[in-house]
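Below: the structure, in structure tokens.
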Amino acid sequence: MDKLKIVGGIPLRGQIHISGAKNAALPLMAASLLASDEVILQNVPHLADITTMANLLMHCGLEINMPVAKTESFGHTLSLKPSGKVETDAPYDLVRKMRASVLVLGPLVAKYRRAKVSMPGGCAIGTRPIDLHLKGLEKLGATVTLEGGDVYVDAPLGLQGAEITFPFITVTGTENIMMAATLARGETKIINAAKEPEVVDLAKFLKAMGAKITGEGSDIITIQGVDQLGGCCHRIIPDRIETGTYLAAIGITNGDVELIGADLDMLSVVKGELIEAGLSFDQTKEGVRVRRTDPQKSLKNLTLKTDPYPGFPTDLQAQLMAMMTLAEGISTITETIFENRFMHVAELLRMGANIHIHGSSAVVTGVERLKGAPVMATDLRASASLVISALAAEGESIIGRIYHLDRGYEMIEAKLRRCGASIERIA
Ligand code: UD1
Numbered sequence: 186m187d188k189l190k191i192v193g194g195i196p197l198r199g200q201i202h203i204s205g206a207k208n209a210a211l212p213l214m215a216a217s218l219l220a221s222d223e224v225i226l227q228n229v230p231h232l233a234d235i236t237t238m239a240n241l242l243m244h245c246g247l248e249i250n251m252p253v254a255k256t257e258s259f260g261h262t263l264s265l266k267p268s269g270k271v272e273t274d275a276p277y278d279l280v281r282k283m284r285a286s287v288l289v290l291g292p293l294v295a296k297y298r299r300a301k302v303s304m305p306g307g308c309a310i311g312t313r314p315i316d317l318h319l320k321g322l323e324k325l326g327a328t329v330t331l332e333g334g335d336v337y338v339d340a341p342l343g344l345q346g347a348e349i350t351f352p353f354i355t356v357t358g359t360e361n362i363m364m365a366a367t368l369a370r371g372e373t374k375i376i377n378a379a380k381e382p383e384v385v386d387l388a389k390f391l392k393a394m395g396a397k398i399t400g401e402g403s404d405i406i407t408i409q410g411v412d413q414l415g416g417c418c419h420r421i422i423p424d425r426i427e428t429g430t431y432l433a434a435i436g437i438t439n440g441d442v443e444l445i446g447a448d449l450d451m452l453s454v455v456k457g458e459l460i461e462a463g464l465s466f467d468q469t470k471e472g473v474r475v476r477r478t479d480p481q482k483s484l485k486n487l488t489l490k491t492d493p494y495p496g497f498p499t500d501l502q503a504q505l506m507a508m509m510t511l512a513e514g515i516s517t518i519t520e521t522i523f524e525n526r527f528m529h530v531a532e533l534l535r536m537g538a539n540i541h542i543h544g545s546s547a548v549v550t551g552v553e554r555l556k557g558a559p560v561m562a563t564d565l566r567a568s569a570s571l572v573i574s575a576l577a578a579e580g581e582s583i584i585g586r587i588y589h590l591d592r593g594y595e596m597i598e599a600k601l602r603r604c605g606a607s608i609e610r611i612a
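Take a look at the structure:
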């Protein structure tokens with residue numbers, strides 16, 4: 186199994202190209218099941234999760250043209266079109282690899298009136314049920330049956346528009362119901378909908394296919410069902426979580442990097458916090474230049490709480506915590522979205538961080554230095570926090586189980602190496 190060897194202490198300098206957003210690409214790929222013609226997706230990142238979704242969609246009957254990843258090239262254009270053959274199940278060996286596989290439920294039921302999906306796997310962060318997806322589909326008239334770890338969703342007469350109120354915000358739940366409602370009869374209202382930029386990108390994509398959607402990006406999304414959706418061409422938005430990960434890496438290493446293609450409008454809360462911590466941002470022609478406001482000074486402590494968009498993203502909690510390990514004073518980070526999302530803490534402690542967990546909060550007391558150590562990645566974003574700490578730690582770190590990292594970060598070693606980092610993949 187591959188590992189990453191990182192020798193820390195080198196400030197990152199240069200340029201990093203921001204890839205297309207994984208969490209936008211996955212629902213858009215699933216939504217392609219709804220189209221009766223070819224769909225072209227541009228700026229799709231080369232990632233293990235994208236390959237998993239492509240395999241699942243090919244199993245369901247899409248013909249996908251996906252160029253093989255070239256070394257040191259970022260992003261690619263995917264073509265997805267119906268092959269004529271249809272399978273409405275998502276088998277366990279594909280679903281267990283990635284929770285986002287559940288995104289095929291809505292499109293399959295909407296178009297083919299039935300779906301069978303194994304209960305999802307993915308990152309081990311909390312229990313992560315899909316009850317809200319299923320309750321939403323029931324509201325749209327489907328029947329849901331659970332049997333032997335599989336979920337059967339049937340709507341023999343097709344879906345019927347309805348009002349669905351989510352008791353709390355769910356991103357893929359909102360996406361699944363929005364996709365399902367595009368082909369339902371009549372009007373659907375999703376109340377307390379997720380407002381994440383990836384949800385807005387999905388709505389934009391569905392509208393380009395002919396869907397009638399209003400209110401995306403607000404608490405209430407309204408969908409008027411249509412008879413069929415056609416093909417379209419769409420460019421995936423930049424990855425705000427990848428961007429935030431590199432911001433933390435630049436901050437902790439006292440670097441100076443231009444993030445090409447970054448869109449900080451999607452990260453305004455994070456940007457505000459990082460300015461408070463001591464980073465400065467200058468808009469450039471192609472992106473944004475990021476460095477410390479005063480390179481002689483340490484970073485300042487922060488108090489953060491994760492929240493649904495536009496709040497501080499849970500997917501950046503681990504990375505900012507890594508950065509805070511070397512900040513002055515005491516930082517507090519509270520996780521409100523997922524239980525069990527502090528698995529990186531034990532590994533950061535091995536590198537010399539001072540962190541105490543009190544329920545859903547982590548109290549981070551800044552230390553003078555981190556020391557390289559062998560550590561183990563536990564989930565996607567936790568892995569990124571270990572890379573960030575290792576880049577700043579004295580000496581060598583070996584990070585194990587980096588398959589987690591490959592699920593969500595396109596060419597991370599190449600990108601960091603181009604900015605001077607000492608990082609290599611070892612067998
Ligand atoms: C998406 C993102 C993930 C991110 C998360 C929160 C994708 C592919 N993944 O995950 O990277 O960390 O949003 O921003 O976009 N919940 C239920 N029942 C449900 C659905 C969710 O109880 O049916 C709970 C979850 O356990 C969690 C909370 O709701 O505590 C929010 O989860 P949700 O927004 O659904 O996360 P995902 O869409 O899975």
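Note that my numbering numbers the sequence shown so that position 150 is 335, with each residue one more than the last. Don't be surprised by glycine CBs; every beta carbon is placed ideally from N, CA and C.
Please check the pair residue i and residue j, which I expect to be a contact at CB under 8 Å, by giving their CB distance rounded to whole angstroms.
| i | j | result |
| --- | --- | --- |
| asparagine 525 | methionine 509 | Not quite, the Cβ-Cβ distance comes to about 20 Å (not below 8 Å), so this is no contact. |
| alanine 507 | isoleucine 573 | 4 Å |
| phenylalanine 523 | threonine 499 | 6 Å |
| leucine 325 | leucine 344 | 4 Å |
| alanine 174 | alanine 340 | Because the chain is modelled from 186 through 612, residue 174 falls outside the range shown and cannot be assessed. |
| leucine 464 | valine 475 | 6 Å |
| leucine 484 | phenylalanine 466 | That belief does not hold up - the Cβ atoms of leucine 484 and phenylalanine 466 are roughly 15 Å apart, past 8 Å. |
| methionine 360 | leucine 288 | Checking the displayed sequence, the identity of residue 360 turns out to be glutamate instead of methionine. That belief holds up - the Cβ atoms of glutamate 360 and leucine 288 are roughly 6 Å apart, short of 8 Å. |
| alanine 447 | threonine 357 | About 24 Å; that fails the 8 Å criterion. |
| valine 302 | valine 329 | About 11 Å; that fails the 8 Å criterion. |
| histidine 529 | alanine 567 | 4 Å |
| valine 411 | glycine 400 | That belief does not hold up - the Cβ atoms of valine 411 and glycine 400 are roughly 17 Å apart, past 8 Å. |
| threonine 491 | threonine 517 | At roughly 12 Å, the Cβ-Cβ gap does not stay under 8 Å, so threonine 491 and threonine 517 are not in contact. |
Quick check: the Cα distance between residue i and residue j, rounded to an integer number of angstroms?
| i | j | result |
| --- | --- | --- |
| arginine 603 | isoleucine 406 | 42 Å |
| arginine 370 | leucine 505 | 45 Å |
| glycine 514 | valine 548 | 10 Å |
| isoleucine 460 | glutamine 481 | 16 Å |
| leucine 501 | glycine 205 | 17 Å |
| glutamate 609 | alanine 569 | 15 Å |
| glutamate 272 | threonine 367 | 20 Å |
| glycine 429 | isoleucine 445 | 13 Å |
| proline 613 | glutamine 227 | With the chain covering only 186 through 612, there is no way to say anything about residue 613. |
| histidine 589 | glutamate 323 | 33 Å |
| threonine 478 | histidine 202 | 22 Å |
| glutamate 595 | threonine 521 | 28 Å |
| arginine 586 | alanine 531 | 15 Å |
| lysine 397 | alanine 434 | 41 Å |
| aspartate 274 | lysine 600 | 37 Å |
| isoleucine 315 | glycine 402 | 22 Å |
| alanine 300 | alanine 239 | 17 Å |
| isoleucine 540 | leucine 534 | 7 Å |
| alanine 575 | isoleucine 375 | 43 Å |
| cysteine 308 | glycine 551 | The predicted model places cysteine 308 with a pLDDT of 47, which falls under 50 and marks its position as unreliable; any figure quoted below should be read in that light. If I take the Cα positions, the gap works out to 28 Å. |
| serine 217 | leucine 331 | 26 Å |
| leucine 387 | alanine 209 | 7 Å |
| leucine 290 | leucine 319 | 9 Å |
| leucine 247 | asparagine 439 | 46 Å |
| arginine 298 | proline 292 | 9 Å |
| valine 384 | methionine 283 | 19 Å |
| arginine 675 | valine 229 | Residue 675 lies beyond the residue range present for the chain, which begins at 186 and ends at 612; the question has no answer from this structure. |
| glutamine 413 | lysine 392 | 12 Å |
In chain order, what residues of the same chain lie with their CB nearer than 7 Å to the CB of residue i, ignoring the 5 residues before and after it?
| i | result |
| --- | --- |
| glycine 593 | Lys207, Leu232, Asp234, Leu565 |
| threonine 469 | Glu443 |
| glutamate 427 | Ile203, Ser204, Tyr594 |
| alanine 612 | Asp187 |
| alanine 295 | Leu219, Leu344, Met364, Ala365, Thr367, Leu368, Ala369 |
| isoleucine 354 | Asn377, Ala379, Pro493 |
| isoleucine 310 | Note that isoleucine 310 scores 45 on pLDDT, short of 50, meaning its location in the model is unreliable; the coordinates nonetheless yield the value given after this. The answer, listed in chain order, is Phe523, Asn525, Arg526, Asp564. |
For residue i, which residues from the same chain have a beta carbon less than 6 Å from its beta carbon, with the 5 sequence-adjacent residues on both sides left out?
| i | result |
| --- | --- |
| valine 192 | Glu581, Ser607 |
| glycine 416 | Ala220, Asp222, Glu223, Val224 |
| glycine 321 | Ile349, Ile362 |
| glutamate 471 | Ile445 |
| aspartate 591 | Ala233 |
| alanine 268 | Going by the sequence as given, residue 268 is serine instead of alanine. Excluding sequence neighbours, serine 268 sits near Gly246, Glu248. |
| histidine 261 | Val229, Pro252 |
Skipping 5 residues on each side, what residues in its chain have a beta carbon closer than 8 Å to that of residue i?
| i | result |
| --- | --- |
| glutamate 458 | Leu487, Leu489, Phe497, Leu505 |
| lysine 556 | Met536, Gly537, Ala578, Glu579, Gly580 |
| proline 495 | Lys380, Ser453, Val454 |
So, is the C-beta of residue i closer than 9 Å to a C-beta in chain D?
| i | result |
| --- | --- |
| glutamate 401 | Checking the listed chains, one finds no chain D in this structure; it contains a single protein chain. |
Minimum length 4: unbroken alpha helix (DSSP H) runs contained in the region 546-596: 565-577, 588-593
Inside the region 369-403 only - alpha helix (DSSP H) runs reaching at least 4 residues: 382-393
Beta strand (DSSP E) segments (min. 3 residues) lying fully within the region 279-358: 299-303, 328-332, 335-339, 348-350
Length at least 4, wholly inside the region 476-546: the alpha helix (DSSP H) runs in chain order: 502-509, 528-535
Every unbroken alpha helix (DSSP H) inside the region 203-255 [4 residues or more]: 207-216, 233-245
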